[in-house]
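J.: Dropping a structure here in C-alpha cells format, bear with me for questions.
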Amino acid sequence: MKKISTYPPITVISKKHRGKQSLCLYFDYHTPLINIVKKLPNARWSKQLACWHLPFTEENYLLIKEKLVKITNVKFDQFTPTTTLKIKLKEKERSLLNGFYTYLKGKRYSASTLKTYTYLVADFILYHQKETIDNVREIERYIESDFIKKNPSISTHRQLISALKHFLIYTKANFELDFKSIAPRKDKKLPSVLSKEEVIRLIQVTKNLKHRVCIALLYSSGLRIGELLNLKLKDLDFERQMLKVSMGKGRKDRYVPMANSLLPMLHNYITTYTPQQYLIENDSKHIPYAATSVRSFLKRSVERAGIQKAVTPHTLRHSYATHLLESGTDIRYIQALLGHSKPETTMVYTHVQSDAVKKINNPLDLIVAQYKNSQKSTTFISDNNDKNTSISGK
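Residue numbering for the sequence shown follows UniProt numbering, beginning at 1 and increasing consecutively.
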C-alpha cells in the first residue's frame, strides 16, 4: 500500500514574473513544507503571485522532481511537451522561441498549428544551439542525426519543414527553404472505415449519454474532433436541423445537417447535463471537453463493440463520407459537407467504397462464366479433369 504523505500536494505552474519565466509552487500553508521549499537554491517568496518560485531552468525543474516528488504529490500543471523543451533552452533561445510564437500568432494561425510549430522549432533550436541558420544543410543535418531517430510520422516530418520555413522567414535568413525538395512525399494510405453495422454497434455499446452523443455527432455530421469540441450551444439550429461549424480547418465556416435520429438524444443530453456555453463541456468547468478524453472513451467503446480495426475520432468522419458516397451522394456535396478546400482531398473516398468495389465483376469470374456458357472445360485452373467450371479443386 502506498504511504500517505503528511505534506500537502504541490501544483507547479510556469508563469512570467518581473519579465522572466518562473516555476511557481502552489500549496496549502504548511510550515514543514515551507522550510523544505525555502532551502531550494534560488527559491523566493512572491507576495504578488502568492507562491514560492524558482527561475525557469532545467536544473530547477529536475530539482523539484528530485527533492519534492518523493515527499508529496507534485502536479506539473499545463506542462505541455513544448514547456518541457523550453526549460532546456537558454534564456536567449527561449526568447527567440517566444518571439517566433508571437510572430505565428500575428499570422492568426490556429491554436493547434501554434502548438505544433512551436514544439517542432523548440526541438530544432535545442539541437542547433545557434540563433541563425546559415544554410539548408544545417536543417538536413538535424533531420538526419536527431529528428529521424525519434521515428516521426511522415505527416510530422512535413509539419517540421513547414514550421522551419516560417522560422527562416521570422529570423530573416539569407536563403529560402524549398518545401518540395526537402519534405518527404505524403503518405497515400487509404483511411480506415467502419461498416454501417459497426457504427450502430459502437453507439449501442456506449452507455454514457455524453459519450454516445460525441460518437453519434462525429459520425452523423462528419466532424473533426476539434470541431466537435468547439461547438457552442448557439451553433445548433434545431428548426433547420443544422449545425454551424465555426472556424473549422483552414478558418472556414460551414453548415452540416443533424440526423433526425440524433435529435431526441441531443435534447435528452442538453436537459441532463445542462451545458452553459459549449455543447460538450467539462463537467466541473464550463470549458470544452478534452480531446484525450474523447479518444479514451472511444477506445473503450471500440473494444466493447468487438471491432478489430484501429479506430480514432477521425475514422468516424471517414466512415460518414464513405457511406454518403456509397448511398449515391454527389462527391461535390460531400466536399462541401466535410469542408475540404480541394476536390482531390475528397476523392480519396472513391477508393474505399466497399459497395462499389463489390459490384465490379472480377475478370476471373467473367472468364469462368464465359467458359460455362460455351460448355468449355476449365481444367486450366481446376485440379481435376472434369468438364465443370469449378475452380475450387473439388
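Every residue gets a Cβ at the ideal spot worked out from N, C-alpha and C, and that includes glycine.
1) Looking only at C-alpha atoms, which of His128, Tyr320, Ala50, Ser284 sits nearest to Leu217?
2) According to DSSP, what are the bridge partners of Leu54?
3) Would you be able to state if there are at least three C-beta pairs under 8 Å between the region 236 to 247 and the region 322 to 332?
4) Per DSSP, Tyr320 is paired with what?
5) Go to Tyr273, then tell me how far its alpha helix (DSSP H) extends in each direction, as first and last residue.
6) Where does His166 sit, in a helix, a strand or coil, going by DSSP?
7) Go to Leu228, then tell me how far its alpha helix (DSSP H) extends in each direction, as first and last residue.
8) Are the beta-carbon atoms of Leu62 and Ala122 separated by less than 7 Å?
9) Anyone know if the C-beta pair for residue 397 and Tyr117 falls short of 7 Å?
10) Below 8 Å, how does it come out for the region 45 to 54 and the region 15 to 28: are there three or more Cβ pairs, yes or no?
11) Going by CA-CA distance only, name the one from Val256, Glu227, Phe100 that's closest to Tyr170.
12) Cutting at 8 Å between CB atoms, please list the residues of its own chain near Leu177, excluding the five before and the five after it.
13) Mapping the DSSP letters down to three states, classify Phe175 as helix, strand or coil.
14) Should Thr315 be labelled buried (16 or more other beta-carbon atoms within 10 Å of its own) or exposed?
15) Whole angstroms are fine: how far does the CA of Tyr29 sit from the CA of Thr312?
16) Taking the straight line between their C-alpha atoms, what separation do you get for Pro9 and Lys244?
17) Below 8 Å on the Cβ atoms is my guess for Arg108 versus Gln21; work out the distance and round it to an integer in Å.
18) When you compare the CB positions of His259 and Ser220, do they come within less than 7 Å of one another, or not?
19) Using 8 Å for Cβ pairs, my map puts Tyr269 next to Lys210. What's the rounded Cβ distance?
20) If I measure Cβ to Cβ from Ser5 and keep anything under 8 Å in the same chain, skipping five residues before and after, which residues do I get?
21) Less than 8 Å between the CB atoms is what I'm expecting for Lys232 and Tyr278, so what's the real figure, rounded?
22) So, is His298 buried or exposed, given that buried needs 16 or more other C-beta atoms within 10 angstroms?
23) Quick test of your reading: Lys12 and Lys75, contact by CB under 8 Å. State the CB separation rounded to the nearest angstrom.
24) Could you work out which residue in Lys309, Gly222, Ile280 is closest to His340 when comparing CA atoms only?
25) Taking 7 Å as the limit between beta carbons, can you name the residues of its chain near Ile203, skipping five residues before and five after?
26) Taking the beta carbon of Ile64 as the centre, do at least 16 other beta carbons fall within 10 Å, making it buried, or is it exposed?
27) Using the DSSP secondary-structure output, state which residues sit across from Lys15 in a beta bridge.
28) Ordered along the chain, which non-local residues of its own chain (more than five positions away) have a Cβ less than 8 Å from that of Ala310?
29) Just tell me which of Gly306, Lys15, Thr345 has its CA closest to the CA of Arg201.
30) Spell out the partners DSSP gives Glu243 in its beta bridges.
31) Can you tell me which of Arg158, Ala111, Glu198, Val199 puts its alpha carbon nearest to the alpha carbon of Phe179?
32) Could you tell me which residues DSSP pairs with Tyr278 in its beta bridges?
33) State buried or exposed for His318, treating a residue as buried only when at least 16 other CB atoms are found within 10 Å of its CB.
34) Would you mind sorting Ile287 into buried or exposed? The rule is 16 or more other CB atoms within 10 Å of its CB.
35) Which complete alpha helix (DSSP H) runs does the UniProt domain "Core-binding (CB)" (91 to 169) hold, if anything under 4 residues is left out?
T.: Reading from the atomic positions:
1) Taking the sequence shown and counting its residues from 1, one reaches residue 217 at position 217. Residue Tyr320 holds the alpha-carbon nearest to the alpha-carbon of Leu217 among His128, Tyr320, Ala50, Ser284.
2) As a working mapping, residue 54 is identified with position 54 in the sequence shown. Answer is Leu23.
3) The answer is no - the region 236 to 247 does not touch the region 322 to 332, with fewer than three Cβ pairs under 8 Å.
4) Walking along the sequence shown from the start, residue 320 turns up at place 320. According to DSSP, Tyr320 bridges with nothing at all.
5) In the sequence shown, the residue the question calls residue 273 occupies position 273. Element bounds for Tyr273: 263 to 273.
6) Mapped onto the sequence shown, residue 166 falls at position 166. Note: His166 maps to helix in three-state DSSP.
7) The residue labelled residue 228 in the question sits at position 228 within the sequence shown. 225 to 229 is the span of the alpha helix (DSSP H), which, as asked, contains Leu228.
8) Along the sequence shown, read from residue 1 onward, the residue named residue 62 stands at position 62. Along the sequence shown, read from residue 1 onward, the residue named residue 122 stands at position 122. Going by C-beta atoms, Leu62 is not nearer than 7 Å to Ala122.
9) Examination of residue 397 is not possible in this model, given that the chain is present from 1 through 394 alone.
10) yes
11) Sequence index remark: in the sequence shown, residue 170 carries index 170 (1-based). Here the closest residue by C-alpha is Phe100.
12) Stepping through the sequence shown from its first residue, residue 177 is reached at position 177. Closer than 8 Å at Cβ, skipping near neighbours: Val136, Ile139, Ile161, Leu164, Lys165, Leu168.
13) Translated into the one-based positions of the sequence shown, residue 175 becomes position 175. Three-state result, Phe175: coil.
14) Here residue 315 is taken as the residue at index 315 of the sequence shown, counted from 1. Under this definition Thr315 is a buried residue.
15) Locating residue 312 in the sequence shown gives position 312, counting from the first residue. Locating residue 29 in the sequence shown gives position 29, counting from the first residue. Near 44 Å, if we compare the C-alpha coordinates of Tyr29 and Thr312.
16) For this step, residue 9 is matched to residue 9 along the sequence shown. For this step, residue 244 is matched to residue 244 along the sequence shown. In a straight line, the C-alpha of Pro9 is about 43 Å away from that of Lys244.
17) Taking the sequence shown and counting its residues from 1, the one referred to as residue 108 is at position 108. Taking the sequence shown and counting its residues from 1, the one referred to as residue 21 is at position 21. With a Cβ gap of about 25 Å, Arg108 and Gln21 do not count as contacting.
18) By one-based count along the sequence shown, residue 259 stands at place 259. By one-based count along the sequence shown, residue 220 stands at place 220. Looking at the sequence itself, residue 259 is Ala, so the reference to His does not match. The answer is yes: Cβ separation under 7 Å.
19) Counting from 1 along the sequence shown, the entry for residue 269 is found at position 269. Counting from 1 along the sequence shown, the entry for residue 210 is found at position 210. Confirmed, about 6 Å.
20) Start at 1 with the first residue of the sequence shown, and residue 5 comes out as number 5. The residues are Ile71, Thr72, Asn73.
21) Along the sequence shown, one-based indexing puts residue 232 at 232. Along the sequence shown, one-based indexing puts residue 278 at 278. That pair is a contact at about 6 Å.
22) Reading the sequence shown from its first residue, position 298 is the one you call residue 298. The question names His, but residue 298 in the sequence shown is Leu. Looking at its Cβ environment, which holds 16 or more other Cβ atoms inside 10 Å, Leu298 is buried.
23) For this step, residue 12 is matched to residue 12 along the sequence shown. For this step, residue 75 is matched to residue 75 along the sequence shown. It is Val, not Lys, that sits at residue 12 in the sequence shown. Yes, Val12 and Lys75 are in contact; Cβ-Cβ is about 7 Å, under 8 Å.
24) Position 340 of the sequence shown, counted from the first residue, corresponds to residue 340. Considering only alpha carbons, the answer is Gly222.
25) For the purposes of this step, residue 203 is identified with residue 203 of the sequence shown, where counting begins at 1. Same-chain partners within the cutoff: Arg212, Ile215, Ala216.
26) Working through the sequence shown from its first residue, we reach residue 64 at position 64. Counting C-beta atoms within 10 angstroms of its own C-beta, Ile64 has 16 or more neighbours from the protein chains shown and is therefore classed as buried.
27) Position 15 of the sequence shown, counting from 1, holds the residue named residue 15. Lys15 is bridged to Ser22.
28) Along the sequence shown, read from residue 1 onward, the residue named residue 310 stands at position 310. So the list reads Ser192, once near-sequence residues are dropped.
29) Along the sequence shown, one-based indexing puts residue 201 at 201. It is Gly306.
30) The residue you call residue 243 lines up with position 243 of the sequence shown. The question names Glu, yet the displayed sequence has Leu at residue 243. For Leu243, which the question treats as bridged, DSSP gives the partners Leu236, Val256.
31) Here residue 179 refers to the residue found at position 179 of the sequence shown. Checked all of Arg158, Ala111, Glu198, Val199; the closest Cα to Phe179 is Arg158.
32) By one-based count along the sequence shown, residue 278 stands at place 278. Per DSSP, Lys232.
33) Mapped onto the sequence shown, residue 318 falls at position 318. It counts as buried.
34) The residue given as residue 287 occupies position 287 in the sequence shown. Counting C-beta atoms within 10 angstroms of its own C-beta, Ile287 has fewer than 16 neighbours from the protein chains shown and is therefore classed as exposed.
35) Counting whole runs of 4 or more residues, the UniProt domain "Core-binding (CB)" (91 to 169) contains the alpha helix (DSSP H) stretches 91 to 106, 111 to 128, 136 to 145.
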